[in-house]
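Q: First the structure, then my questions, so here it is.
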Amino acid sequence: MPDEDRYLAHLCGLADNPNLPEHLLDKLVAVTSGELDTGPDLFGAPTLDMSDLADAPVVESAGEAMARRTDLTAATYEQLMGDNRIWVRLYLARNPALPESLLWTLAKDRAVRPELAWNPAVPLKLLCEIAASVKLPQVLLPRIAEANKTELRFLASSRAWQVRALIALHTALPRDVIERLLNDPELRVVHALVAAKNPHCSSAFLHDLLERAEATAPQIAQHPNAEASTLMRCLRMPAARRHAARHPNLPAEMITELLDDPDLLVAEAAAANPALPTKIMEAVLAEAH
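Structure below.
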């Protein structure tokens, strides 16, 4: 692999390093001289062909505009639900002004049913049904974010692990709910809690979890509480390697060693690690030619 590619990977990493001293930041700007912004992408990311956007709609239809409004009557919303254009129904599914009865009716439409999960006014019972039947992304949904403690405890007791995993992303879970999720029999719920970087996941818990389930390594390697010994184990796992290389709890000598990793994404992550010694940053930039 050409040294030039590795050098550029290091520059990319340093450009993203929050602890790069100001005098080195100035030098980085000087030595790059557009290197990071011109030519093909270092890692082969596809470029956008503007011709692909030729058929994209420029102006939304009147139906789409109305479906997003929150000041219409229930009768108007019900009429819009009969529109054959899926975009109209998708906008309706996210509209918090829709009466609950219409949300339940819209849930029968398989094409837009998943979109209801993003509605901040969706009934919890309906959200539970959707989560158990449709694969939702692991993000904090609006209705979950607004749930009170009573509702969070209700969701934590759901039989569906998918529902329990969704609340793991909440930023202010009651302590008893956190304990319940940490000890959940379904590993995917615990996985979600770790992925959310919940501060109640202790270093010891993360290390033990890695022993029990190596599939959680990428998420563990990104958790702020992961200790050096845990991160060293994560480095043995390809899927977690670049995340561990970026973690500030990794020993400085290992971070430095990873600058020469065969995987340039790992090398870049090491260069972006805020715990990379300043003298190593200086050495990398001294390679400028």
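In my numbering, the protein residues as written are 15 to 303.
Just so you know, even glycine gets a beta-carbon here, dropped at the ideal spot from N, CA and C.
Just so you know, these numbers come straight off a predicted model, no measurement behind them.
Taking DSSP as the reference, what is the three-state secondary structure of residue 160?
A: Three-state result, residue 160: coil.
Q: Pick helix, strand or coil for residue 242, following the three-state DSSP scheme.
A: Three-state result, residue 242: helix.
Q: Note down, in chain order, each residue of its chain lying with its Cβ closer than 7 Å to the Cβ of residue 106, except the 5 sequence neighbours on either side.
A: Around residue 106: 81, 91, 94, 95, 112 and 120.
Q: Please classify residue 226: is it buried, with 16 or more other beta-carbons within 10 angstroms of its beta-carbon, or exposed?
A: The residue is exposed, with fewer than 16 neighbouring Cβ atoms inside 10 Å.
Q: If you pair each beta-carbon of the region 167-183 with each one of the region 194-207, do three or more pairs fall below 8 Å?
A: Touching, per the Cβ criterion.
Q: Quick one: Cα of residue 260 to Cα of residue 40, how far?
A: Using only the alpha carbons, I get a separation of about 22 Å.
Q: Consult DSSP for residue 251 and reduce its assignment to one of helix, strand or coil.
A: Three-state DSSP puts residue 251 in coil, outside helix and strand.
Q: Would you call residue 109 buried or exposed, if buried means 16 or more other Cβ atoms sit within 10 Å of its Cβ?
A: Classification of residue 109: buried, given that the 10 Å Cβ count is 16 or more.
Q: Buried or exposed for residue 294, going by 16 or more other Cβ atoms inside 10 Å?
A: Looking at its Cβ environment, which holds 16 or more other Cβ atoms inside 10 Å, residue 294 is buried.
Q: Would you decide whether residue 205 is buried or exposed? Buried here means 16 or more other CB atoms lie within 10 Å of its CB.
A: Buried, by the Cβ-count rule.
Q: Quick one, are the C-beta atoms of residue 299 and residue 45 less than 8 Å apart?
A: In contact: residue 299 and residue 45 (Cβ atoms closer than 8 Å).
Q: How far does the alpha helix (DSSP H) with residue 27 in it reach, from first residue to last?
A: Per DSSP, residue 27 belongs to the alpha helix (DSSP H) from 17-29.
Q: Tell me whether the beta-carbon of residue 203 lies closer than 8 Å to the beta-carbon of residue 178.
A: Result yes, Cβ atoms of residue 203 and residue 178 sit closer than 8 Å.
Q: Report the residue from 129, 280 and 216 whose alpha carbon sits nearest the alpha carbon of residue 100.
A: Checked all of 129, 280 and 216; the closest Cα to residue 100 is 129.
Q: In the DSSP assignment, the alpha helix (DSSP H) including residue 221 goes from what residue to what residue?
A: Taken as a continuous stretch (DSSP letters only), the alpha helix (DSSP H) holding residue 221 covers 217-226.
Q: Sorted by chain position, which residues of the same chain lie with C-beta nearer than 6 Å to residue 135's C-beta, five sequence neighbours on each side aside?
A: The answer, listed in chain order, is 110.
Q: Would residue 36 be called buried (16 or more neighbouring beta carbons within 10 Å of its own) or exposed?
A: Label assigned to residue 36: exposed.
Q: Going by the CB atoms, is the gap between residue 77 and residue 286 shorter than 8 Å?
A: No, the Cβ-Cβ distance between residue 286 and residue 77 is not below 8 Å.
Q: Please name the residue in 252, 268 and 266 whose C-alpha comes closest to that of residue 277.
A: The residue with the shortest Cα to Cα distance from residue 277 is 252.
Q: I'd like the span of the alpha helix (DSSP H) that includes residue 289, first residue to last.
A: Careful: residue 289 lies outside any alpha helix (DSSP H) and carries neither H nor E.
Q: At which residue ranges does the region 123-177 contain complete alpha helix (DSSP H) runs of 4 or more residues, listed in the order of the chain?
A: Runs found: 138-147, 156-159 and 163-170.
Q: With a 10 Å radius around its C-beta and 16 neighbouring C-beta atoms as the bar for buried, classify residue 145 as buried or exposed.
A: The residue in question, residue 145, is buried, as its Cβ has 16 or more Cβ neighbours within 10 Å.
Q: Using only the alpha-carbon positions, how far apart do residue 274 and residue 291 sit?
A: About 15 Å.
Q: Is it right to say residue 282 is buried, meaning 16 or more other beta carbons lie within 10 angstroms of its own, or is it exposed?
A: Classification of residue 282: buried, given that the 10 Å Cβ count is 16 or more.
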